[in-house]
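A.B. asks: First residue of the sequence shown: 926, per this note's numbering; consecutive thereafter. I'd like to ask you about the structure that follows.
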Amino acid sequence: MLTALALLATFAVVPALWARAGAPFVGAYVATLLAACLATLAAGLFVRQPIVVAPALGINVWLVYGVIYPLGVAWQEALAACVIAALLVLLTVTTPLRRIFLASMPRAITEAARGGVGLLVVFTGLQMGKLVVGSPLTVTMLGSLSEPAAFVALAGLAVSLAFWAMGVRAAAFWGVLSAVLLALFEGFLVLPEAPFLLPEGLDRTAFALDFAHLAELSGVVLALWLFLFFDTCGTFAALGEAEEVHGLAEKRTLLVLAAGNVVASLLGAGPVTLAKESAAARAVGARTPLAACAAAAVLLLVLFLEPVAAAVLDFSAILAPLLIFSGCLLLRELRLDWQQTSEHVAFFAVLLVTPLSSSLVAGLGAGMIVYVFLEVFSGRGKKIHPVLFFFAGAFSLYFAYYTP
């Protein structure tokens, strides 16, 4: 239950991101919470593990600011790409393809993908909080604290970092809450007179997928597929190592998460993932399926707070502390063996290209091409998995014919 409360800020931020992309906020809000609630409940009843499913903040930021905005993609088309990627993940985790993919992809690339998305999330938060602004001479420059948005964002971030340094759980939540209170005190934010509302709006987002231009989004589908698969496996592996959760429970969890993403896309929500706070919940004694059911109940109650969450849209700097803090945590999780030059260079290729181009597709492609190139010329080409050769070739064609 505490884990679900700690994630409340994320459940408000992600629908707000999709609303900025044109989706109806009320529908995106209900769809996000409903998808997470159903997946969390399934984890408790089917997997029998105290696991909480939440929106994948990093990948949702990339979809909005790296796909929808720069490419002019409609949110319905982005959801179509999401559901195809989710179906591919579902196929992968239920067949021998899972082991083939895990064996074929260098850890440097999968780790760097998280880091690249983390940097993109941090930069998006800095821009949203006006802590970084455009420059007429260089690409960016520092913002001014005389700007109300910058002051509120920095104050919220400071609270998050201070609580995190003190070992306080839900540091991101308290940072966002402090930003909300400061914005209310200064008059930048006004809460609605009726903070509670029966859930509605799902009819405006459910099954609103548009497959008309899916072929043009093939690169996005590929990047989503790879990222969701490796992120899910990687997050659960970390949880499994800490708690010795393996075998049937692992397979069932991966199945629930993959199916949860399919349901989320159909309802009108962005990708969801296993909340890393689940490990913290275990540490304080949440070890039975009842914990997941309690978390699902909390998420169900939060469905009625849509007017409060919608008010955040009026002063988006409140979202900045969560984005910056969450991006930093993604970078904190990076692990890499620096012995191989090819992994070293491929890691930095993904890490740099992803945020600089605002494209996970370009980042993954650059990393795979660089890795294969260096491995071949270092005499280790025979050790490369054929699947990686295929992806490197496909991304080479992508870059060759790519036009901004």
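The beta-carbon is built from N, C-alpha and C at its ideal position, and this holds for glycine as well. Values in this document were obtained by computation on a predicted structure and should not be read as measured data.
Can you list, in chain order, the residues of its chain whose CB lies under 8 Å from that of residue 949, leaving out five sequence neighbours each side?
C.D. replies: Taken in chain order, the residues that qualify are 1126, 1129, 1130.
A.B. asks: Evaluate residue 1264 with the Cβ neighbour count: other Cβ atoms within 10 Å of its Cβ, from every protein chain shown; 16 or more gives buried, anything less gives exposed.
C.D. replies: exposed
A.B. asks: So, for residue 1034: in the same chain, excluding its five sequence neighbours on each side, which residues have a beta-carbon less than 8 Å away from its beta-carbon?
C.D. replies: 1271, 1272, 1275, 1289, 1292, 1293, 1296
A.B. asks: Is residue 1059 helix, strand or coil when you go by DSSP?
C.D. replies: strand
A.B. asks: Rounded to a whole number of angstroms, what is the C-alpha to C-alpha distance between residue 1215 and residue 1069?
C.D. replies: 48 Å
A.B. asks: Could you please give the first and the last residue of the uninterrupted alpha helix (DSSP H) stretch that includes residue 1037?
C.D. replies: In the DSSP assignment, residue 1037 falls within the unbroken alpha helix (DSSP H) covering 1032–1053.
A.B. asks: Roughly how many angstroms separate the alpha carbons of residue 1245 and residue 1107, rounded to a whole number?
C.D. replies: 14 Å
A.B. asks: Suppose you measure from the CA of residue 1204 to the CA of residue 1148; what does that come to, to the nearest Å?
C.D. replies: In this prediction, residue 1204 has a pLDDT of 49, which is less than 50 and means its spatial position is unreliable; what the coordinates show is noted afterwards. Answer to the nearest angstrom: the Cα atoms are 27 Å apart.
A.B. asks: Could you check what DSSP says for residue 1166 in three-state terms: helix, strand or coil?
C.D. replies: Annotation note: pLDDT 44 at residue 1166 (below 50); position unreliable, no value reported.
A.B. asks: Give the secondary structure of residue 1171 by DSSP, where H, G and I count as helix, E and B as strand, and everything else as coil.
C.D. replies: Low confidence applies here, because residue 1171 scores a pLDDT of 48, under 50, leaving its location unreliable and the question unanswered by this model.
A.B. asks: Counting only the same chain and skipping the five closest in sequence on each side, list residues whose C-beta sits under 6 Å from that of residue 1006.
C.D. replies: Correct list, in chain order: 1142, 1145, 1146.
A.B. asks: With distances taken Cα to Cα, identify the nearest neighbour of residue 1132 among 1095, 1178, 1188.
C.D. replies: Nearest to residue 1132 by alpha-carbon distance, out of 1095, 1178, 1188, is 1188.
A.B. asks: Would DSSP call residue 1205 helix, strand or coil?
C.D. replies: In this prediction, residue 1205 scores a pLDDT of 48, lower than 50, which makes its location untrustworthy; the coordinate-derived value is nonetheless stated afterwards. Here residue 1205 sits in helix by DSSP.
A.B. asks: May I have the straight-line CA-CA distance separating residue 1308 from residue 1022, to the nearest angstrom?
C.D. replies: 19 Å
A.B. asks: Mind listing, in chain order, the continuous beta strand (DSSP E) runs of no fewer than 3 residues lying wholly within the segment 1210–1284?
C.D. replies: none
A.B. asks: Report the rounded CA-to-CA distance for residue 1122 versus residue 1229, giving the unit in angstroms.
C.D. replies: 5 Å
A.B. asks: According to DSSP, is residue 1066 part of a helix, a strand, or is it coil?
C.D. replies: In the structure shown, residue 1066 falls within a strand segment according to DSSP collapsed to helix, strand and coil.
A.B. asks: In the DSSP output, which residue or residues are listed as bridge partners for residue 980?
C.D. replies: Residue 980 pairs with 1197.
A.B. asks: What is the DSSP secondary structure of residue 1309, counted as helix, strand or coil?
C.D. replies: coil
A.B. asks: Quick one, are the C-beta atoms of residue 990 and residue 1190 less than 9 Å apart?
C.D. replies: no
A.B. asks: Would you mind sorting residue 1156 into buried or exposed? The rule is 16 or more other CB atoms within 10 Å of its CB.
C.D. replies: buried
A.B. asks: So does the segment 995–1014 actually touch the segment 1245–1257, counting three or more Cβ pairs closer than 8 Å?
C.D. replies: No contact exists between the segment 995–1014 and the segment 1245–1257.
A.B. asks: Check whether the segment 1030–1048 and the segment 969–986 are in contact - that is, three or more C-beta pairs closer than 8 Å.
C.D. replies: yes
A.B. asks: Pull up the distance between the alpha-carbon of residue 1186 and that of residue 1062, whole angstroms please.
C.D. replies: Approximately 42 Å, taken between the alpha carbons.
A.B. asks: In whole angstroms, give me the CA-to-CA distance for residue 1258 and residue 1040.
C.D. replies: 8 Å
A.B. asks: Determine the extent of the alpha helix (DSSP H) in which residue 998 is found, giving its start and end residues.
C.D. replies: Element bounds for residue 998: n/a, residue is neither H nor E.
A.B. asks: Among 1139, 1017, 1310, 1120, whose alpha-carbon lies nearest the alpha-carbon of residue 1232?
C.D. replies: Of the candidates 1139, 1017, 1310, 1120, 1120 places its Cα closest to the Cα of residue 1232.
A.B. asks: Is the beta carbon of residue 1100 closer than 9 Å to that of residue 1110?
C.D. replies: The Cβ atoms of residue 1110 and residue 1100 lie no closer than 9 Å to each other.
A.B. asks: Is residue 1303 buried or exposed, if buried means 16 or more other CB atoms sit within 10 Å of its CB?
C.D. replies: exposed
A.B. asks: Looking at the secondary structure, which residues open and close the alpha helix (DSSP H) in which residue 898 lies?
C.D. replies: No statement about residue 898 is possible, as the shown extent of the chain runs from 926 to 1329 and does not include it.
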